[in-house]
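Going letter by letter, the sequence shown gives residues -21 to -1, 1 to 359 in mature numbering (1 follows the signal peptide of the UniProt record, and there is no 0). Just so you know, even glycine gets a beta-carbon here, dropped at the ideal spot from N, CA and C. In this text, all values refer to a predicted model and were calculated from it rather than measured experimentally.
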Amino acid sequence: MHQRHTLLSAMLWITLGLASGRLFASAETKEEQYTICPERLVTNDKLRTLVGRSPLDCIQMCTLAETCSGVSICYSGDHEQVTCSLSEDVQTAGCDDLNSVASPSCHLVKKDSRIEEMTPEAEQTTQPIQEPTTTEIVCQNGGTPNGDKCDCPEEYAGRTCHRFIRDCSEPFENGHTSTDYNTYTIQPASAPGPFQVKCRFRAGGETQPLRRRGSTDFCQDWATCKAPYNMQNLPSDDPEYFIGLENLHHLLNQAEYKLRVYMLVMNGTAYVPKTMHYTNFSVDAESSSFAVTHDGFDCTNCDADDAFSGSLPVVFVSDGHDVNGCSAQRGGKSGWFESGCKGSDLFSNGLFYWPVNGTDTDVRLIEFVFTRVSTSFYDD
């Protein structure tokens, strides 16, 4: 609450009464006095909830709102932004009787109407901010200043390049381009830590979490299917790799993605390419057995079937986690199957299959490529 920010309008005046817990603000021609109630989160009816860059943004919003009587200011995890919950029902004179709950990351700032009670000490510390104070932004991880934000290297994002990218679309949005897939470190919004994935910065930014040729039996049971395979220091020669079910869930849980599936499928005596498209493809959490959902399937001018359709849910099963009996029915294979055991055993050693014209068909190669279609992440 006590650091100075540069985002206030030129007519906003700020006073911090450190000893008395009072704060005074005026915006345009309106002056207000506020009481700071530490570690309290208002639970009364809210006028609205907004996002600001600093606590002073929240004070300005409440000062300009006629019916606002208090604002709950909650920091994000990295303190790069705040959530401002404006309330119209904070009428008590003090902080003790507020209908609120303790929260270590939130503070209630309550508007008082008795401006004449400003103390001399507070008056002496009142300072007009006539113009925004410009301070040079400090960039991290090799970023370079560009106005009020930083231009970041390919693997980093955020206003100061302080975090890993959340998918391979983010570097593309930040101006990076590439024609080949390379390995990058990402950390989706809900992921507990970073992990590596294949990226290509073109056509909206492409994240490739899976490439299979059937030469390695890396998904033998539930634990090995959840974990990444061959994602560290990938060689350049046509490898197999998978980010793991857990990381795939975190990637797709943070936004809306479209999926492109590329395959080489046996047709007579030769393998032929087929490309399929899914809209709003997602993978649920482990508690749902990483169930797949999507909003649409398209295989224009091809005869491949949708392996993720049928009787819902389409869940992932493997040896030791066979919730619908399909792994046993399929000879211990791992993959996504619906209750009638239709689906695809993408993770089998040697031959693996995809349904084509209603028949399981031998696949030589399969690649999953995701592109984010929802709006950009908040520039934190």
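key: Nonlocal neighbours in the same chain, by C-beta distance under 6 Å from Pro334, ignoring five residues either side   = Asp284 and Ala286
inquiry  = Within a Cβ cutoff of 6 Å, which residues of the same chain sit near Asn120, ignoring the five residues on either side of it in sequence?
reply    = Tyr135 and Cys140
task = Between the Cα of Gly275 and those of Val262, Thr258 and Asp282, spot the shortest distance and give me the residue it belongs to.
result = Thr258
task = Classify Gln233 as helix, strand or coil using the three-state DSSP reduction.
result = coil
ask   = Where does His256 sit, in a helix, a strand or coil, going by DSSP?
value = DSSP places His256 within a strand segment (E or B) once states are collapsed to three.
task = Would you tell me roughly how many angstroms separate the C-alpha atoms of Cys281 and Leu344, rounded to the nearest one?
result = Here the alpha carbons of Leu344 and Cys281 stand approximately 16 Å from one another.
query = Can you tell me whether DSSP reads Asp127 as helix, strand or coil?
reply = Three-state DSSP puts Asp127 in coil, outside helix and strand.
query = Is the segment 194 to 205 close to the segment 339 to 355, with three or more CB pairs under 8 Å?
reply = no
request  = Answer with buried or exposed for Ser66, where buried requires no fewer than 16 other C-beta atoms within 10 angstroms of its C-beta.
outcome  = Result: buried.
request  = Tell me, to the nearest whole angstrom, how far the beta carbon of Glu185 is from that of Arg192; I am working on the premise that it is less than 8 Å.
outcome  = Contact flag wrong, Cβ pair sits at about 19 Å.
Of the residues Glu149, Cys85 and Tyr236, the one placed nearest residue 390, counting alpha carbons only = Since the first and last residues shown for the chain are -21 and 359, residue 390 lies out of range.
message = For Leu231 and Glu115, I'd like the C-alpha separation in whole angstroms.
response = If I take the Cα positions, the gap works out to 36 Å.
message = Bridge partners for Tyr135 per DSSP, in chain order?
response = Phe143
inquiry  = Quick check: Gly322 and Ser290, are their CB atoms within less than 8 Å of each other?
reply    = no
task = Classify residue 366 as buried or exposed, calling it buried when 16 or more other Cβ atoms lie within 10 Å of its own Cβ.
result = Lying outside -21 to 359, the shown extent of the chain, residue 366 is not represented and no answer is given.
request  = Just mark Arg145 as buried or exposed, buried being the case when its beta carbon has 16 or more other beta carbons within 10 Å.
outcome  = buried
key: Bridge partner(s) assigned by DSSP for Met242   = Lys253 and Ile345
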